[in-house]
Every structure is written in structure tokens, then in C-alpha cells.
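What follows is one structure encoded as C-alpha cells, with my remarks underneath.
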Amino acid sequence: MSNFSERKDIKVVQEASYARQQARAFLHRARMAKIPEQYLRINKNSFENLLCPKYHGGKEGTAKFADYIYNSPNEILKKDFVLIDGGSDNERQMAGFALLFRLILCDRWASSISCASLCRGVETVRPLDEMSREDRVNELKSFDVLFIGEFKRTLFKPGWQAGEILDEILLWRINNSNITIVSSVDPIIKDNKIGNEDSSRKMADLSVVEKTTDKVLRIKVRLTKNGN
Numbered sequence: 351m352s353n354f355s356e357r358k359d360i361k362v363v364q365e366a367s368y369a370r371q372q373a374r375a376f377l378h379r380a381r382m383a384k385i386p387e388q389y390l391r392i393n394k395n396s397f398e399n400l401l402c403p404k405y406h407g408g409k410e411g412t413a414k415f416a417d418y419i420y421n422s423p424n425e426i427l428k429k430d431f432v433l434i435d436g437g438s439d440n441e442r443q444m445a446g447f448a449l450l451f452r453l454i455l456c457d458r459w460a461s462s463i464s465c466a467s468l469c470r471g472v473e474t475v476r477p478l479d480e481m482s483r484e485d486r487v488n489e490l491k492s493f494d495v496l497f498i499g500e501f502k503r504t505l506f507k508p509g510w511q512a513g514e515i516l517d518e519i520l521l522w523r524i525n526n527s528n529i530t531i532v533s534s535v536d537p538i539i540k541d542n543k544i545g546n547e548d549s550s551r552k553m554a555d556l557s558v559v560e561k562t563t564d565k566v567l568r569i570k571v572r573l574t575k576n577g578n
């Protein structure tokens with residue numbers, strides 16, 4: 351009996367050690383994905399409280415949707431896009447980073463970039479930069495999961511190439527089954543084109559997606575009283 355107990359204790363220790371190593375590895379991936387520390391541990395209840403009850407079907411609907419996000423991430427990975435709107439910039443980013451981290455736990459490599467940084471990065475590459483524009487674009491294409499934060503069409507100036515490059519990135523990711531999460535500053539409704547020919551034709555096409563489809567998951571966050 352003592353040998354059996356010893357073997358059992360060793361197995362428990364080994365499993366605990368593996369779990370700690372795995373947790374450290376996922377946290378490392380999350381930090382590599384540029385997830386801010388304050389958004390690393392958003393649990394299911396906190397995520398549910400971010401959701402707009404009116405859009406997601408009341409208290410029962412928000413609870414069911416949060417269960418889906420936290421219990422069925424592999425189903426989400428089959429989508430082309432996750433579109434997030436509503437609420438404040440902080441709430442949209444909380445939802446986006448919470449989902450990004452949940453998908454990293456599915457053993458995926460991920461990254462995040464603000465729309466403003468994306469525009470600057472592809473328009474102002476200097477000779478001394480470590481990465482060329484092409485390398486930057488290819489890197490954004492390659493991640494299993496990419497979160498583009500706070501998309502706003504006015505960030506794209508007429509005559510800039512950023513809109514064309516964003517479309518190139520998004521279309522490549524669709525064709526290669528790499529999911530893209532986008533939070534939108536502007537509400538996503540049929541009569542409000544969040545994209546245009548200067549920013550992104552693909553984002554303009556997505557303006558009409560008011561509800562979840564086979565390829566697009568929609569998340570609408572609530573606006574708290576203080577906007578934080």
C-alpha cells in the first residue's frame with residue numbers, strides 16, 4: 351500500500367508541476383500578445399457583466415453567451431471575425447482582451463494592435479526600423495488570433511495605403527482560417543458604415559452584420575453609468 355501511495359503522490363506532484371508550467375507558458379503568450387496586466391484575469395462573471403442585456407437577450411441571454419465564450423472557445427475559432435461595439439473604449443477592450451486570452455488558452459498564438467498603431471505602423475516605417483512594412487504586414491497575417499482595437503474610419507486618411515493594407519491582412523486571414531477580433535468605436539448598424547473606401551472595404555461590408563452569423567460573432571457591451 352505504501353508503494354501505491356507513493357506512486358500516487360508522485361503523480362499528483364507531477365500533474366501539479368505540469369499545470370504550473372502550462373499556466374506560466376500561457377501567461378507568457380498573453381504578454382507576448384500585448385495583453386495589459388489589468389485584462390489578464392477577467393473571469394466569466396466579469397465578462398457577463400460587460401454584456402448589453404438588451405442586445406444579448408436579458409440576464410438569461412448574457413449568462414448563456416458568457417458560458418459560450420468560456421466553455422466553447424474552439425467553436426469561436428471557426429469564425430472569421432468577432433466584432434465588438436457599444437460601451438466605452440475600456441469596456442470594449444476588456445471584452446476583446448478577455449476573449450483573446452481565452453483563445454490563447456486553446457494553444458493558439460495571438461497578438462493585439464490598436465487601429466491607430468496599425469495605421470501609423472504601415473504608413474511611417476523608417477529605414478532604421480527593425481521590421482520592414484512587408485514584414486510587419488506578414489506578421490499580422492500570421493497569428494492564429496489577432497485583436498485590432500478601436501477601429502475608426504477617421505483614423506485612415508485619404509490617399510493613405512493603410513486601408514488597402516488592412517484589407518490585405520483581413521482577406522489573407524479569412525482565407526487561412528485565422529480569426530480576427532475587432533472592436534469598433536462607432537456602433538455597428540446597417541445605416542452606419544464603420545468602414546469606407548479610404549479605411550477598409552471589408553469593414554464596410556461588416557457594417558451590416560448586426561447579429562451573429564456562421565462566420566461572424568457579434569458582441570455588444572453595455573455602457574456603465576460612469577463610462578468606465
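For the numbering used here, count along the sequence shown from 1 and bump the result up by 350.
Every residue gets a Cβ at the ideal spot worked out from N, C-alpha and C, and that includes glycine.
Could you check where the beta strand (DSSP E) with residue i kicks off and where it finishes?
| i | result |
| --- | --- |
| K570 | 566-571 |
| E387 | Looking at the DSSP string, E387 is not in any beta strand (DSSP E), and its letter there is neither H nor E. |
| L433 | 431-436 |
Rounded to whole angstroms, what's the CA-CA distance from residue i to residue j? Just pull it up for me.
| i | j | result |
| --- | --- | --- |
| F415 | V571 | 12 Å |
| G577 | G437 | Caution is warranted here: a pLDDT of 41 is assigned to G577, below 50, making its placement in the model unreliable, and the coordinate value is therefore given only provisionally. Distance between the alpha carbons of G577 and G437 is about 7 Å. |
| P403 | M481 | 43 Å |
| N488 | I519 | 8 Å |
| P386 | G446 | 12 Å |
| M351 | A375 | The predicted position of M351 is uncertain, since its pLDDT is 47 and thus under 50; a value taken from the coordinates is nonetheless stated next. For M351 and A375, the distance between alpha carbons rounds to 36 Å. |
| N399 | T412 | 8 Å |
| K552 | L573 | 27 Å |
| D517 | W459 | 21 Å |
Just confirm the distance between the C-beta atoms of residue i and residue j, as a whole number of angstroms; I'd bet it's less than 8 Å.
| i | j | result |
| --- | --- | --- |
| R483 | V472 | 6 Å |
| K394 | Y420 | 5 Å |
| A383 | I454 | 6 Å |
First and last residue of the alpha helix (DSSP H) that includes residue i?
| i | result |
| --- | --- |
| E560 | First-last for E560: undefined, no H or E at that position. |
| P537 | From DSSP, P537 is part of no alpha helix (DSSP H); its letter is neither H nor E. |
| K414 | 408-421 |
With distances taken Cα to Cα, identify the nearest neighbour of residue i among the options.
| i | options | result |
| --- | --- | --- |
| M444 | Y389, S467, I538, D430 | Y389 |
| N528 | Y405, N393, K491, T412 | K491 |
| A657 | F397, V532, K561, I392 | Because residue 657 is not part of the residues shown, which for the chain are 351 to 578, the question remains open. |
| G513 | A448, R568, R470, N525 | R470 |
| D430 | I539, T562, T530 | T530 |
Considering only residues of the region 446-534, which uninterrupted beta strand (DSSP E) runs meet the minimum length of 3 residues and lie entirely inside it, listed in chain order? Entirely contained in the region 446-534, the beta strand (DSSP E) runs reaching 3 residues are, in chain order, 460-464, 495-501, 529-534.
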